[in-house]
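Only one structure is covered here, and it is reproduced in the block below.
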Amino acid sequence: MGRGTMHIFGRSRELQSLAEAFHDSARGNGRLVIITGGPGSGKTQLMHEFLTTLHGADARILTGTASAAERNQPMSLVGQLLGNAEAETAVSPHEPFAVSPPERDRRPRDPLPHPLPASAAPRAAEALLHLVPAERPLVIALDDAHAMDPDSLTTVVHLLRRSRCRRVLVVCATSGHLGALHTAAHTELLRQPHRRVRLAPLSEASVGELLAAQAGRALPAPVCDAYHRATAGSPLLVHALLDDSAGLGPEIGPPVPGAAYRQAVLSLLHRGEAGQVRVARALAALGTPVPGAAVAELAGTTPAGAQEAVAVLNSSGLLDGHAFRHPTAAAAVLEDMDAAARTELHGRIAHLLYRSGAPAVEVARQLHAADLVPACWGAGVLRAAAEQALAADDVERCTAYLGMVLRDCADPREAHALSVALARAQWRTNPAAAGPHLEPLREAALAGELSMRDTATVLRYLLWRGDTELAAKAVATLVRVQSPADAQIVAEVEFVRQWFYGVALPGRSVPVAGLDARPRPVRADAGGLASRVAALVGGEATDESAAAVAQALQGHRLDHLNLELVAMSLLAIAHADRPALAADACDGLLECAVERRATTWRALLGSIRAEIALLQGDVTTASRGALDALGILGAQSWGVLIGLPLSTAVSAYTALGRSAEAEELLKHDVPEPMFRTVFGIQYLRARGHHHLATDRPFAALGDFETCGRLLREGNPNLQKGIPWRSDLALANLRIGKARTAREYAEEQLRLPGGHSSRARAMALRLLAATCRPHRRASLLREAIDLLKACGDRYALAQAYADLSAAHYELGEYARARLVARQAAREAEACRIESPVDAHLLEDPVRPDAAESEDGPALLSDAECRVAGLAALGYTNREISTRLHVTISTVEQHLTRVYRKLQVASRAELPSKMLEHRIPKLSDRWAGTHSSAG
Numbered sequence: 052m053g054r055g056t057m058h059i060f061g062r063s064r065e066l067q068s069l070a071e072a073f074h075d076s077a078r079g080n081g082r083l084v085i086i087t088g089g090p091g092s093g094k095t096q097l098m099h100e101f102l103t104t105l106h107g108a109d110a111r112i113l114t115g116t117a118s119a120a121e122r123n124q125p126m127s128l129v130g131q132l133l134g135n136a137e138a139e140t141a142v143s144p145h146e147p148f149a150v151s152p153p154e155r156d157r158r159p160r161d162p163l164p165h166p167l168p169a170s171a172a173p174r175a176a177e178a179l180l181h182l183v184p185a186e187r188p189l190v191i192a193l194d195d196a197h198a199m200d201p202d203s204l205t206t207v208v209h210l211l212r213r214s215r216c217r218r219v220l221v222v223c224a225t226s227g228h229l230g231a232l233h234t235a236a237h238t239e240l241l242r243q244p245h246r247r248v249r250l251a252p253l254s255e256a257s258v259g260e261l262l263a264a265q266a267g268r269a270l271p272a273p274v275c276d277a278y279h280r281a282t283a284g285s286p287l288l289v290h291a292l293l294d295d296s297a298g299l300g301p302e303i304g305p306p307v308p309g310a311a312y313r314q315a316v317l318s319l320l321h322r323g324e325a326g327q328v329r330v331a332r333a334l335a336a337l338g339t340p341v342p343g344a345a346v347a348e349l350a351g352t353t354p355a356g357a358q359e360a361v362a363v364l365n366s367s368g369l370l371d372g373h374a375f376r377h378p379t380a381a382a383a384v385l386e387d388m389d390a391a392a393r394t395e396l397h398g399r400i401a402h403l404l405y406r407s408g409a410p411a412v413e414v415a416r417q418l419h420a421a422d423l424v425p426a427c428w429g430a431g432v433l434r435a436a437a438e439q440a441l442a443a444d445d446v447e448r449c450t451a452y453l454g455m456v457l458r459d460c461a462d463p464r465e466a467h468a469l470s471v472a473l474a475r476a477q478w479r480t481n482p483a484a485a486g487p488h489l490e491p492l493r494e495a496a497l498a499g500e501l502s503m504r505d506t507a508t509v510l511r512y513l514l515w516r517g518d519t520e521l522a523a524k525a526v527a528t529l530v531r532v533q534s535p536a537d538a539q540i541v542a543e544v545e546f547v548r549q550w551f552y553g554v555a556l557p558g559r560s561v562p563v564a565g566l567d568a569r570p571r572p573v574r575a576d577a578g579g580l581a582s583r584v585a586a587l588v589g590g591e592a593t594d595e596s597a598a599a600v601a602q603a604l605q606g607h608r609l610d611h612l613n614l615e616l617v618a619m620s621l622l623a624i625a626h627a628d629r630p631a632l633a634a635d636a637c638d639g640l641l642e643c644a645v646e647r648r649a650t651t652w653r654a655l656l657g658s659i660r661a662e663i664a665l666l667q668g669d670v671t672t673a674s675r676g677a678l679d680a681l682g683i684l685g686a687q688s689w690g691v692l693i694g695l696p697l698s699t700a701v702s703a704y705t706a707l708g709r710s711a712e713a714e715e716l717l718k719h720d721v722p723e724p725m726f727r728t729v730f731g732i733q734y735l736r737a738r739g740h741h742h743l744a745t746d747r748p749f750a751a752l753g754d755f756e757t758c759g760r761l762l763r764e765g766n767p768n769l770q771k772g773i774p775w776r777s778d779l780a781l782a783n784l785r786i787g788k789a790r791t792a793r794e795y796a797e798e799q800l801r802l803p804g805g806h807s808s809r810a811r812a813m814a815l816r817l818l819a820a821t822c823r824p825h826r827r828a829s830l831l832r833e834a835i836d837l838l839k840a841c842g843d844r845y846a847l848a849q850a851y852a853d854l855s856a857a858h859y860e861l862g863e864y865a866r867a868r869l870v871a872r873q874a875a876r877e878a879e880a881c882r883i884e885s886p887v888d889a890h891l892l893e894d895p896v897r898p899d900a901a902e903s904e905d906g907p908a909l910l911s912d913a914e915c916r917v918a919g920l921a922a923l924g925y926t927n928r929e930i931s932t933r934l935h936v937t938i939s940t941v942e943q944h945l946t947r948v949y950r951k952l953q954v955a956s957r958a959e960l961p962s963k964m965l966e967h968r969i970p971k972l973s974d975r976w977a978g979t980h981s982s983a984g
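Take any residue in the sequence shown, count from 1 to its spot, add 51: that is its number in this note's numbering.
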């Protein structure tokens, strides 16, 4: 059964009623049946199905369809009936009228003869009665009877009066009433004995049967309910939706309106009166319910006429109350209008809504559709609606409204403010689109012609694009602002310039009030976000200062924060050895950015999240996150910040040993101004490490030396978190210059102002590489402690591998194996290959082992902790410091360990722990203590 075939469902009772009326008429009792129902309810189909059942009943059937276009043509419908009879019998129907031969000769030969004279109504009725065969019933089926011309209606009345005892059945299908002409004939027709067959919309069960017949199986109840809700049970609309679904595949799923549905909507619309069409168009343009009087005014009709039209549109399945059941139907109705008429209608609606005090968003929607900004009040309404749209995260609508106001704005200062507001909205989803609005405002910002907030927006754009010198010049001209609020805005911009972009120039940096970078205690409610970040990056990082920044991030709406300041805050927390705290805060902000469709926020925060993962040693997550972030924005929208996700991705791929992928990323075009910012420095560092991984140490040396030069010329304070000296030490080691490498590592360790644990650990590892094995092991143990504190498991795996190699070189093979196992565990956690040789991970065969692996624990947790650290070479004092116990307690634990393992000295511990399969640092506690400082 094809989806395009119409079949009757849920109409068995109506068909039965028509059959009963036919049988009555066949017995010589003339009958009139009036089929009523809304447009598209299936009246024509029901009549067709009924007439089909009469094919074997030996009845004579005459059919005709009235038309509103022929309502003013007298006897047009009766002419159809007589013409059909003539075509059937080849006998002229005009002979009973004694029509003269000349008139007969003038009759056209098409199936529909010319309209008969109005005075011929009684004779036409008689002529129809003469068509009743002696033993055969006559069935006259009139479709769209509500549109028949008055004279044809009079003829039908005459026919009914004279056929009460004849085999005549008249069936009239009408949309609820027999036209707007309440004539005497109309009244007389309704006075005739008749039977009503009312076609209600299909029930949900009937729609389900229809869908099941099309699909060949019962469909889920939610699907049937969706079709019923979209159509109100209109058979025409249900079949149209099924036709549209045919193009989506063999299975019938939820309704997806398409061309067939739109065509059906317009078919229903134009079956009605012109007034109904105007009402439908007004409701479609309005989009939201309004009082009936307003609809009547827009449609040019009376309130009663509007209500009657609404009732018809509801019965047709188009409306649910005063709203269209599906937005596609409303769109089809509007698209059916002439463009000029549609624009004019939206303009009239906007004025009507404004006069009635409707909300700005509703008025603005109509103004936008009409492309109209009325004088006096239009700009204010559009700006208010734009603010509300942005608050609702509808950037597209916000920018459309602001663009209309800007287009018609004649005041230059107001135009500047509108341009910045428009750019600020577009920045949220596409910074490149904001550029054309902000680029012309450079001079205005320098001249102080903009508000401080708008000036800050222009400066942020300059920095984003890499114009750092002009941004510095602009900040210098604004440093003497008077308002505390303005001073705070300038302070934030300058802080971001120096610490996020890293472009402060020695001796020429601008002093900014309100951002005291000296170490000081920070309370949860002390100052704003910028002040808290300044305390974190400018002094000694503490749990309190990091938590204060994280709390400030969580206490603001996304759009009330400076994006770059937020990014700087997250990086500051991560580099302060709290990457887990930074990750949690970043995840919360990312979730908000996704929910609010803030594309730029999502891209930058995703890039920050990838960098945090890299700092945690999760190189797989870092590579995936950085690539995802790169794909969110185009290269033009990234500006100089493209160096952040690129450097993270390259570093992660290099750590994973995927040099080919890293090489491809390095082929990306990057803006030249990027190298005047910290993002260029990070990019050069990532490229340098890639060069080292691909055996190009001299190329790496050049990149690292450039990093050092750029940092010295920029913000020297950033050197604590960007250990370029350690990078140079590594490159020099690779080219055989161990002494130079040692000097760079020692210089890195001597830097004043504290370090991140990660940077210091890196320097210690490199310094260890230049020392003898005994000294090397001590330095590496310190580096391992620092890496546990900062949570970098990738670097921790490398440090353990270095320490294992040092023990192996000293001939301490058991200790080397013990440490190698820990290196392998950390590498497995990072999802990278083990950095140690496989033979170091093999268990020595001990057939006389004291106990099996599954036996009872030989040592207590406390004893395992002490024994594990002692096996790694820590002194009793170092163990007591790490475990926060007294030296005496350490000695007591070791005494018991020696006795249980039957060892005489510390040197035997590693081999005995391997022999008894005692885990280093005990698996039962390492998970909770591995990051202890």
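Don't be surprised by glycine CBs; every beta carbon is placed ideally from N, CA and C.
Using alpha carbons as the reference points, say which of LEU861, LEU334, LEU433 lies closest to CYS460.
Per the Cα distances, LEU433.
DSSP puts ALA220 in a beta bridge; with which residues?
The residue you asked about is not Ala; residue 220 is Leu in the sequence shown. ARG82, VAL190.
The beta strand (DSSP E) enclosing VAL248, as first and last residue numbers:
Counting along the chain, the beta strand (DSSP E) containing VAL248 begins and ends at 246-250.
VAL1034 to ALA846 span [Cα, whole Å]:
The displayed coordinates of the chain run from 52 to 984. Any statement about residue 1034 would go beyond what the structure contains.
Proximity to THR650 [Cα-Cα], best of SER674, LEU614, ALA664:
It is LEU614 whose Cα lies nearest to the Cα of THR650.
Can you determine whether any heavy atom of the ligand MN sits closer than 7 Å to the C-beta of ARG329, and answer yes or no?
As far as ligands go, the structure on display features none, and thus does not contain the ligand MN.
Do the segment 706-724 and the segment 736-748 make contact, defined as three or more Cβ pairs closer than 8 Å?
A contact exists between the segment 706-724 and the segment 736-748.
Going by Cα to Cα distance, which pick from HIS209, GLY284, ALA256 is closest to LEU240?
Ranking HIS209, GLY284, ALA256 by Cα distance to LEU240 puts HIS209 first.
Among ALA700, HIS290, GLU877, LEU869, which one has its Cα closest to the Cα of ASP843?
The shortest CA-to-CA distance from ASP843 to any of ALA700, HIS290, GLU877, LEU869 is the one to GLU877.
Beta carbon of ILE112, beta carbon of ALA198: below 8 Å?
Going by C-beta atoms, ILE112 is not nearer than 8 Å to ALA198.
Rounded straight-line distance, which links the Cα of ASP836 to that of ALA664
Here the C-alpha atom of ALA664 lies approximately 20 Å from the C-alpha atom of ASP836.
Please say whether GLU860 and PRO824 have beta carbons closer to each other than 8 Å?
In terms of Cβ geometry, PRO824 and GLU860 form a close pair [threshold 8 Å].
Mind checking whether ALA347 and THR353 have CB atoms under 8 Å apart?
Yes.
Please classify LEU965 as buried or exposed, where buried requires at least 16 neighbouring CB atoms within 10 angstroms.
Buried is the call here.
So what's LEU113 in DSSP terms, helix, strand or just coil?
DSSP places LEU113 in strand when its eight states are reduced to three.
For GLY986 versus PRO308, is the C-beta spacing smaller than 8 Å?
Given that the chain is displayed from residue 52 to residue 984, the structure contains no residue 986 and the question cannot be resolved.
Whole-angstrom Cβ separation of ALA623 and LEU587, contact assumed at under 8 Å?
With 8 Å as the limit, ALA623 and LEU587 qualify as a contact, their Cβ atoms being about 5 Å apart.
Going straight from the alpha carbon of HIS145 to that of HIS181, what length do you get?
Here HIS145 scores only 40 on pLDDT, less than 50, and its place in the model should not be relied on; the value that follows carries that caveat. HIS145 and HIS181: Cα-Cα distance of roughly 12 Å.
Under 8 Å between C-beta atoms of PRO184 and SER76:
No, the Cβ-Cβ distance between PRO184 and SER76 is not below 8 Å.
Among ALA673, ALA468, PHE375, which one has its Cα closest to the Cα of LEU457?
Among ALA673, ALA468, PHE375, the Cα nearest to that of LEU457 belongs to ALA468.
At the level of alpha carbons, what is the spacing between ALA491 and ARG660?
According to the sequence shown, residue 491 is Pro rather than Ala. Going by the C-alpha atoms only, they are around 34 Å apart.
According to DSSP, which residues form a beta bridge with PHE551?
Bridge partners of PHE551 according to DSSP: none are assigned.
Which listed residue (HIS741, ARG811, HIS290, ARG242) has its alpha carbon closest to that of ALA263
A check of alpha carbon separations from ALA263 across HIS741, ARG811, HIS290, ARG242 identifies HIS290 as the nearest.
Assign THR353 to one of three DSSP states: helix, strand, or coil.
Looking at THR353 - three-state DSSP - the assignment turns out to be coil, as it is neither helix nor strand.
Which residues mark the beginning and the end of the alpha helix (DSSP H) in which ASP843 is found?
Where ASP843 is concerned, there is no enclosing alpha helix (DSSP H), given that its DSSP letter is neither H nor E.
Mind the definition here: the segment 327-344 touches the segment 254-274 only if three or more C-beta pairs lie below 8 Å; say whether that holds.
Contact fails: fewer than three Cβ-Cβ distances are below 8 Å.
Below 8 Å between beta carbons: does that hold for HIS997 and ALA420?
Outside the shown range of the chain, which is 52 to 984, sits residue 997, and nothing can be said about it.
Could you tell me the distance, in whole angstroms, from the CA atom of VAL509 to the CA atom of GLY356?
In a straight line, the C-alpha of VAL509 is about 56 Å away from that of GLY356.
Stretch-stretch touch, CB-based, cutoff 8 Å, three pairs: the segment 621-640 with the segment 593-606
Yes, the segment 621-640 is in contact with the segment 593-606.
Give me the Cα-Cα distance between ILE176 and ARG217, rounded to the nearest whole angstrom.
Sequence check: residue 176 is Ala here, not Ile. A direct Cα-to-Cα measurement between ALA176 and ARG217 gives close to 13 Å.
How far does the alpha helix (DSSP H) with GLN799 in it reach, from first residue to last?
Per DSSP, GLN799 belongs to the alpha helix (DSSP H) from 789-800.
If you drop the 5 nearest sequence neighbours on each side, which residues of the same chain put their C-beta closer than 8 Å to that of ASP635?
So the list reads ALA601, once near-sequence residues are dropped.
For the alpha helix (DSSP H) containing HIS321, list its first residue and its last residue.
For HIS321, the uninterrupted alpha helix (DSSP H) segment begins and ends at 310-322.
Might you give, ordered along the chain, the residues of its own chain that have their beta carbon closer than 8 Å to the beta carbon of ILE693, omitting 5 neighbours on each side?
Within the same chain, LEU681, ALA686, HIS719, VAL721, PRO722, MET725, PHE730 come within 8 Å of ILE693 by CB-CB distance, once the 5 residues on both sides are set aside.
With DSSP run on the structure shown, which of helix, strand or coil describes GLU879?
In this structure, DSSP gives GLU879 a helical state, which the three-state scheme calls helix.
Please classify GLU71 as buried or exposed, where buried requires at least 16 other C-beta atoms within 10 Å of its C-beta.
Counting other Cβ atoms within 10 Å of its Cβ, GLU71 stays below 16 and is therefore classed as exposed.
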